[in-house]
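> All residue numbers for the sequence shown refer to this note's numbering, where the first residue is 7 and numbers rise by one. C-beta: ideal position from N, C-alpha, C; glycine also. Computed from a predicted model, the values in this text were never measured in an experiment.
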Amino acid sequence: MSGGEIYIEILQSGSALEIVAIDRDSLTEVRFIAPASTPEADIKALARAKMNYVLSRGGEEPRKPDNKRGIIV
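(1) Let me make sure I understand the geometry here. Which of 21, 31, 37 has the alpha-carbon closest to that of residue 14?
(2) Determine the extent of the beta strand (DSSP E) in which residue 48 is found, giving its start and end residues.
(3) In this structure, how does DSSP classify residue 42 when only helix, strand and coil are distinguished?
(4) Just tell me which of 11, 45, 43 has its CA closest to the CA of residue 31.
(5) Compute the distance between the beta-carbons of residue 49 and residue 40, then report whether it is under 8 Å.
(6) For residue 27, does the count of other Cβ atoms within 10 angstroms reach 16, so buried, or fall short, so exposed?
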């Protein structure tokens, strides 16, 4: 898990925010969308939680394709 520094970029597009967070040490990237009214503290907490989740899984692992449409999350 990352207790280290993460860099957060917040881009507004209409009533939504696109958040990009990058772990300084591993250069792992996570992205998510949030409402524009979301407090900055909540965005930072969610970015940290998502980063910790991805890092706990060993980084970004490619998903195995199946014969169905879409991606199972």
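Result, derived from the coordinates:
(1) Ranking 21, 31, 37 by Cα distance to residue 14 puts 37 first.
(2) Judged by DSSP secondary structure, residue 48 falls outside any beta strand (DSSP E) and instead within the alpha helix (DSSP H) spanning 46-62.
(3) coil
(4) The shortest Cα separation from residue 31 among 11, 45, 43 belongs to 11.
(5) yes
(6) Residue 27 is buried by the Cβ-count criterion.
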